[in-house]
Structures are given as C-alpha cells and as structure tokens.
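Peer 1: The following block contains the structure, expressed as structure tokens.
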Amino acid sequence: MKMNELSKKYEDYVIGLRRELHMYPEISYEEKETNLVIKRELDSMNIPYEDVGDGYSLIAEIKCSEEGKSIGVRADIDALPMQELTDCSYKSKIDGVMHACGHDAHIAMLLGTAKVLSEIKDKLKGTIYLCFQSAEEIGKGAEPIINALNKKGGVSEFIGLHIWSLIDSGKIALIDGPVMAGVQSFEVKITGQGGHASRPDLCKDPVKPACDLALKLSSIPGNFYDALDNSVVHVGMVKAGTKSNIFPDDALITGGCRFYKDGGAEKIFSQIKRMAEGTALTYGVEAEVFDISLTPPTINHHEQVMKARKIVEQMEGLELDLEQERLAASDNFGTYLQSYPGFYGLLGAMNKEKGVIWPHHNSKFNLDEDVFVKGVEFFANYVYEFLSK
C-alpha cells in the first residue's frame, strides 16, 4: 500500500481540523464542544462511536472485512488552563485556556488516520478502535476506555503518539522500555496548636515541621529508594498562616514523586509517610499523609517497539531518533500499557527555522504542522501491517 499517498490526500484536512480545535480549547472534563467536533467528523465518515465514562471520552469502531485481531489507537482531547501568548492566526479564542500540549494535533491526526483506514478496511481483517480520551491532563479518562474495551473482549495491541516540540521535525522516538515517568501526588497536613508568635513554647508551631519536612523529602531518591531508578520527590507548595505574628493551627504541603519502575510509587510513598510521622513526633505535632493521585510509568513493550521501528525505516520523510532519552514528564497512557501490549511514540515537531521552539505547557507553545501527515502515515502503516490479510 502507498500509505504516503493516501495520507497526503488528507494533509490539509488534518491541519485545518487541528487549527479549528486549537481555537476552541476546553479543559479536562469540560470537552463538550471538542467531543461534538469529533462526532461530526466521525459521522461524515459513517464510523459508529459510543460515549465512555463520566467525561467526554468516546470510542469509534472500524470493522474490517473479516474477523481478526483488534487494535486500539488513542488521542487525548483536553487543553490546559493557561493564556496563549502566540501571534498565530488560529490562536485560542477562549480566555485562559490553551492547547499547550498538542492534544489538538493528536485528535486531528487520529481523525486523519480514520479517513485513511476507512479507505482500506476491505484489505484488512479485524477491528480498529479509535479512542478519544478526556481529562488526560489531570490523570483521568484512561480507565473508562479500558473498561469499555474489555467489555468488547479487549484489544490485541494498543498504540499512541505524543507530538513532541523538543524533538526535531522529521524524527520519531520509539523508546524500548520506560518512556515517561510515573507520578504519585500527595498532600501532608500538619496539625499543631496556634498562638502568639512571641511565645512559641506555649504553642505547637506547624510551620517549622512543614519546612523541615519539605527539605527532608528531597533526600528520598538515592538514600531511601532505588538509586538505579531516576526518581524525584518534589514539593510544589507549602501553605500556612495568615499573619507574621500568629502561629497557625495547621500547615499544608503538596507535592509529588516521579519514578520509572513499577511499584516505585508505593515504596516512595511509604517513606514519605515515615518521614512525616517522624518529623511530627520531633516537633510535637500531628501529620496526616494523603495519596492524591497516581499515574503509572509509561513502559513500552519490546516486540511492538521493534515492529514500529521497522515501519519507520521503510517510510520517507521520517527517521528514528535513537538518542532521545526517556522523559520525566508523565502521561497516563501507561495505564493502557499495563493492560495491553503496545507503545507510546514521540513524534518530533520542533522547527527552529519556523520559530517553533517552545516546550510543552508554555504559553508560546506551537507545532510544525508539516509533521502531522507523518503521524497519520505512521499510524496507518502500523495498523495495516498488523491487520492486513
């Protein structure tokens, strides 16, 4: 199959759709209009779909000419609560909301892939599930899709691409093993006894143990957890008090830990609890540690990565980036890879000549639109190779 020619047919469609989505971004669990745009496009292709979960996720289904294996392909659909500061003609029209992570491109590429696969489904056997996931930015949305797929019998493989603005256009990273870190978010509430700052001996000041604990937690990687796992424990907020001469009753610490090995969250979290309890005992206060959310590491499967690399080697205009290291950023695509074999690739979209240089989650973030068609071609090639008769 000349998948490059089929994909090229829809290049303008993909770019135009991405621009439309970029102008009207919606944050997690509020992607109502985005959901309607996706349905509009699927309806135009006569592809059936169903809503999934309590957000705006949906699964579309392409049945091929014969029964066979099944494959899931995912695009996340939510944007971020931040103001766009680019000067592009299609900048966000929604105040304080921006597609600053490329999810608009993910949607457009998957719908472009749907057009290509609809043309060749008679040459394939099996089922293709196009999964549009709500609320990825807050670590939600994956489980309802997995549950829905499992009711259908599960899938043989599950794949995805994240467009990446810090990898050169024309390159794709297909990393064997861990590709993105897991993250465990936590809160520590320290409860003391407030009073006048002139008499700390009559109070149980929660501020000092909060500050002490915030410093101690950074010592966990390498000292209390696997030195061979590139882990991080970070505190992003310490909140306490209302006035300089008042000891408050309590203080709050919020943070997270990042890791690449399965089981890392439990081991690090248990050490956070021990440190919090020990620090509280030292200062005569109480500490409660809360497990807020967990996103597992994204760990690619060897067999599927090797197949994907062979496909890239046969494509024109796309080459493997074998130097790209795993990312400390997180994405709950790892949840799918705990259930099904597959991979999560990183499709480069940085173009210095075009000024496309800003990182993800930056107010000036943008993408080289020329790479979208390569994402479509890659997806279509992989599915074709997997389901061809």
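Position one of the sequence shown corresponds to residue 48 (our numbering), numbered consecutively onward. Ideal Cβ placement from N, Cα and C applies to all residues, glycine included.
Look at R305 and V282 and say whether their C-beta atoms are less than 8 Å apart.
Peer 2: Not in contact: R305 and V282 (Cβ atoms no closer than 8 Å).
Peer 1: Compare the beta carbon distance of E234 and I300 with 8 Å and say whether it is the shorter of the two.
Peer 2: In contact: E234 and I300 (Cβ atoms closer than 8 Å).
Peer 1: Determine the burial state of C135: buried for a count of at least 16 other Cβ atoms within 10 Å of its Cβ, exposed for fewer.
Peer 2: The residue in question, C135, is exposed, as its Cβ has fewer than 16 Cβ neighbours within 10 Å.
Peer 1: Rounded to the nearest angstrom, how far is the Cβ of A257 from that of A287, given a contact under 8 Å?
Peer 2: With 8 Å as the limit, A257 and A287 qualify as a contact, their Cβ atoms being about 6 Å apart.
Peer 1: Return the bridge partner residues of Q240 from the DSSP annotation.
Peer 2: DSSP, once it has assigned bridges, lists K251 as partnering Q240.
Peer 1: Unbroken alpha helix (DSSP H) runs of length 4 or more, entirely within the region 300-330: which are they?
Peer 2: List check, alpha helix (DSSP H) in window: 311-330.
Peer 1: Among F426, L328, V359 and P406, which one has its Cα closest to the Cα of G149?
Peer 2: The shortest Cα separation from G149 among F426, L328, V359 and P406 belongs to P406.
Peer 1: Is it right to say L249 is buried, meaning 16 or more other beta carbons lie within 10 angstroms of its own, or is it exposed?
Peer 2: So L249 counts as exposed.
Peer 1: Go through its chain and collect everything with a Cβ distance to D123's Cβ below 7 Å, but skip five positions before and after it.
Peer 2: Within the same chain, D123 has close Cβ partners H150, H153, Q180 and E183.
Peer 1: Of the residues L53, H146, Y103 and N197, which one's Cα is nearest the Cα of L68?
Peer 2: Looking at the Cα atoms, H146 is the closest of the given residues.
Peer 1: So for M397, helix, strand or coil by DSSP?
Peer 2: In the structure shown, M397 sits in a strand (DSSP, three-state: E or B).
Peer 1: Going by DSSP, what residues sit across from M145 in a beta bridge?
Peer 2: Paired residue(s): L127.
Peer 1: What three-state label does DSSP hand T345 in the structure shown?
Peer 2: Correct three-state label for T345: strand.
Peer 1: Assign T329 to buried or exposed, taking buried as 16 or more other Cβ atoms, counted over all protein chains shown, within 10 Å of its Cβ.
Peer 2: T329 is exposed by the Cβ-count criterion.
Peer 1: For M353, is the classification buried or exposed, using 16 other Cβ atoms within 10 angstroms of its Cβ as the cut-off for buried?
Peer 2: So M353 ends up on the exposed side.
Peer 1: How about D223 and N409: do their beta carbons lie closer than 8 Å?
Peer 2: Cβ distance not < 8 Å, so D223 and N409 don't count as in contact.
Peer 1: Around the C-beta of S216, are 16 or more other C-beta atoms found within 10 angstroms, so that it is buried, or is it exposed?
Peer 2: That one is buried.
Peer 1: Any contact of the region 263-276 with the region 332-343, i.e. 3+ C-beta pairs under 8 Å?
Peer 2: The answer is no - the region 332-343 does not touch the region 263-276, with fewer than three Cβ pairs under 8 Å.
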